[in-house]
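Chemist:
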Amino acid sequence: TDLAHIRNFSIVAHIDHGKSTLADRLIQLTGTVAERDMQEQLLDSMDIERERGITIKANTVRIEYPAKDGHTYVLNLIDTPGHVDFGYEVSRSMQAVEGSLLVVDASQGVEAQTLANVYQAIEADHEIVPVLNKVDLPAADPDRVREQIEDVIGIEAHDAVEISAKTGIGIPDVLEAIVTRLPPPRTGDRDAPLKAMLVDSKYDSYLGVIVIVRIIDGVLKKGDRIRMMKTGGTYDVDDVGIYRPAMTAVKELGPGEIGYLNASIKQVRDTRVGDTITHEKKPCATALPGFKPSVPVVFCGLFPVDSSEFEDMRSAIEKLALNDASFSFEMETSAALGFGFRCGFLGLLHLEVIRDRIEREYDIELITTAPSVVYHLHMKDGEMKELHNPADMPDMTYVDHIEEPRIKATILVPDEYLGDVLKLCQERRGIQLDLTYAGSRAMAVYDLPLNEVVFDFYDRLKSVTKGYASFDYQMEGYREDALVKMQILVNDEPVDALSMMVHRDRAEQRGRAMCEKLKELIPRHMFKIPIQAAIGGRVIARETLSAMRKDVTAKCYGGDATRKRKLLDKQKAGKKKMRQFGKVEIPQQAFISALKMD
Ligand code: GDP
Ligand code: MG
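In structure tokens, the structure reads:
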């Protein structure tokens, strides 16, 4: 295909605004998939993606569209991950295309992720076509949303396309807009040495690693010997092809095209998003700019509830890591929880996704310790150490000062909830950077410590705004603050899994809340149990769980035998999920609940 008849684009949207549904419609209307093979959300392949309605990894699909001008165009859609945790991957996949459809739910308007994603598109120099979706809904107000796009984002929106991805209204207009309003690939020389961008990669259990590439110059064919310019790896290409959306082998991929290659690459770790692929024999002169490995920013310990499942868990984690180079892990032993893994993630969603997959796909129940960010410890001897686990915190006498990562958070919220949002940000040590209004919505921009966000910020934000706020963030670098390690002692035994780094001014409050919660969560024993929070050797909060006096079954007032048996069975089932701490047994649920701070 010549460049003039290629359009490469992505769809950017806030979660739930209809990105996947629109992609489905585009695929359907162009007959890319036979009607009988059509299933909802073709591009969201992982179960968890379907369930949560989010896109985790970029996918791509080629569509052929006979346009009104009589030419058939090749449209390559890259479905970018919609979440902030995958920010670097979003920005790379944006570099692989020239235009974006900006999908905004016409009944909701612009949200935090709309902004975050459209700014990435603008940064990548995209031509942008605004699309107002869900016009079938009675609450849709396309005129208001047009105005909002112009006010808040600052792009022209009077010719936004009005559609319903659900009913199919306006989909032909979207296809025409793609060919008439988005540009073809800007450059591309067939005769130049091969220069291709590694856009994404994924692991297939039959084929090994599949690499998604965007060809800039030259031609990629089966049998070629290629080199990854940054990692240095060389491979023989077994196959090249395109997604329609099923994998379909093709003879070659030329300039401007997007497709896959398969070269018996063993693990996703060997492929780096943003790397440049060229021929080993006749390489291109310069690599593409921008290449950086994704670094984990949130760490937590994952332990099997049933310690006999440790080996199963190891194999589950190794398999997941094959397909996810941005997830790191190493073995960890905890006095309280036994053998497990210290894992690093790109963010909270990423953490949740991995944890859920281990629990669901591998059927292993997990205990998750408090998520922690990476602190910079500046030691008195001048050395800087990264702290990934509060349990490794050295004695404070050796530490000169501690720096913590900060984020820039953007929150959009209806006016009436603004007060509560500002209060929440204040409580989380936030510094207000900006506050503006757009229609009946306010946009607050805050500088916040990441450590105050990793606990339950999303949950709190959702609950104080009844689900109407949207939130997005980006990492902003490190800043010094007064941080200390807080330990929790149950019956005078430190429970390492509950150790956490906190700000000195918030320690007492956190400690008190934690002790109160644990008092509720730990079942009574035959003896009195002190529960304490301490910094160094100093106790800052204390609760006492009194001893059990009577047989619990006494609650059943003797009479009802089945109720009594049920209660005993329940206790027995509960026992299995208990963890022993010295003389005290703590149910697994106590950890899960205790680690959810509020
Ligand atoms: P994504 O998160 O942006 O990929 O959004 P989805 O495509 O998963 O859509 C989110 C929800 O909105 C789903 O329940 C869709 O069925 C629904 N939806 C998508 N488009 C429309 C539309 O045009 N009208 C209506 N009423 N619902 C829609
Ligand atoms: Mg989706």
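Numbering (full-length UniProt numbering), first residue to last: 2 to 599. Backbone N, C-alpha and C fix where the C-beta goes; we use that ideal spot for every residue, glycine too. Nothing here was measured: the structure is a model prediction, and the numbers come from that model.
(1) Give the straight-line distance between the Cα atoms of residue 21 and residue 78, rounded to the nearest whole angstrom.
(2) Can you tell which of 110, 224 and 377 has the C-alpha that lies nearest to the C-alpha of residue 388?
(3) Alpha carbon to alpha carbon, what distance is there between residue 103 and residue 119?
(4) Alpha carbons only, please: which of 315, 92, 297 and 452 is nearest the one belonging to residue 363?
(5) Pull up the distance between the alpha-carbon of residue 603 and that of residue 272, whole angstroms please.
(6) On a CA-only basis, which of 524, 509 and 418 is nearest residue 541? Give me that one, please.
(7) Which value, in whole angstroms, describes the spacing of the CA atoms of residue 536 and residue 402?
(8) Report yes or no: do the stretch 365 to 380 and the stretch 299 to 310 share at least 3 C-beta pairs separated by less than 8 Å?
(9) Are the beta-carbon atoms belonging to residue 254 and residue 213 less than 7 Å from one another?
(10) Starting from residue 524, follow the alpha helix (DSSP H) in both directions and report where the run begins and ends.
(11) Report the three-state DSSP secondary structure of residue 109 (helix, strand or coil).
(12) Assuming residue 268 contacts residue 175 under a Cβ cut-off of 8 Å, what Cβ separation, rounded to an integer in Å, is found between them?
(13) Could you check which residue in 473, 12, 396 and 586 has the C-alpha nearest to that of residue 179?
(14) Taking the beta carbon of residue 449 as the centre, do at least 16 other beta carbons fall within 10 Å, making it buried, or is it exposed?
(15) On the criterion of 16 or more Cβ atoms from any shown chain inside 10 Å, does residue 14 qualify as buried, or is it exposed?
(16) Is DSSP giving residue 346 helix, strand or coil here?
(17) Relative to the C-alpha of residue 412, which residue among 583, 438 and 393 is closest?
(18) From the DSSP output, in three-state form, read off residue 261 for me.
(19) State the start and end residues of the unbroken alpha helix (DSSP H) segment that holds residue 182.
(20) For the ligand GDP, I want to know if residue 138 counts as a neighbour, meaning its beta carbon is within less than 6 Å of at least one of the ligand's heavy atoms.
(21) Inspect the CB distances between the stretch 276 to 292 and the stretch 189 to 199 and report whether three or more fall short of 8 Å.
(22) Can you grab the Cα-Cα spacing for the pair residue 149 / residue 442, in whole Å?
(23) Taking the C-alpha atoms as reference points, what is the distance between residue 161 and residue 131?
(24) Give the secondary structure of residue 13 by DSSP, where H, G and I count as helix, E and B as strand, and everything else as coil.
(25) If we require 3 or more residues per run, which beta strand (DSSP E) segments fall completely within the stretch 274 to 333?
(26) Kindly indicate which three-state DSSP category residue 463 falls into: helix, strand or coil?
(27) Since residue 368 is in the beta strand (DSSP E), which residue starts that stretch and which ends it?
(28) For the alpha helix (DSSP H) that contains residue 452, what are its first and last residues?
(29) Counting pairs of beta carbons, one from the stretch 510 to 517 and one from the stretch 485 to 501, are three or more of them closer than 8 Å?
(30) Kindly identify the DSSP beta-bridge partner or partners of residue 61.
(31) What three-state label does DSSP hand residue 207 in the structure shown?
(32) Measure the Cβ-Cβ separation of residue 94 and residue 81 and say whether it is below 7 Å.
(33) Less than 7 Å between the C-beta atoms of residue 329 and residue 295, yes or no?
(34) Just to confirm, does residue 16 get its C-beta within under 6 Å of one of the non-hydrogen atoms of the ligand GDP?
(35) Are residue 76 and residue 198 closer than 7 Å when you measure CB to CB?
Modeler: Reading from the atomic positions:
(1) 11 Å
(2) 377
(3) 7 Å
(4) 315
(5) Residue 603 lies beyond the residue range present for the chain, which begins at 2 and ends at 599; the question has no answer from this structure.
(6) 509
(7) Cα to Cα, residue 536 sits roughly 16 Å from residue 402.
(8) yes
(9) no
(10) Taken as a continuous stretch (DSSP letters only), residue 524 belongs to no alpha helix (DSSP H), as it is neither H nor E.
(11) coil
(12) Incorrect: roughly 38 Å between the Cβ atoms, too far for contact.
(13) 12
(14) buried
(15) Residue 14 is buried by the Cβ-count criterion.
(16) Shown here, residue 346 sits in a strand according to DSSP, grouped into three states.
(17) 438
(18) In the structure shown, residue 261 sits in a strand (DSSP, three-state: E or B).
(19) Note, residue 182: alpha helix (DSSP H), 172 to 182.
(20) For the ligand GDP, at least one heavy atom lies less than 6 Å from the Cβ of residue 138.
(21) yes
(22) Near 10 Å, if we compare the C-alpha coordinates of residue 442 and residue 149.
(23) 5 Å
(24) If DSSP states are grouped into helix, strand and coil, residue 13 belongs with the strands.
(25) 277 to 280 and 299 to 305
(26) helix
(27) 367 to 369
(28) 451 to 454
(29) yes
(30) 79
(31) coil
(32) Contact flag set, yes.
(33) no
(34) For residue 16, the distance from the CB to the nearest heavy atom of the ligand GDP is below 6 Å.
(35) Their beta carbons are not under 7 Å apart, which means residue 76 does not touch residue 198 by this criterion.
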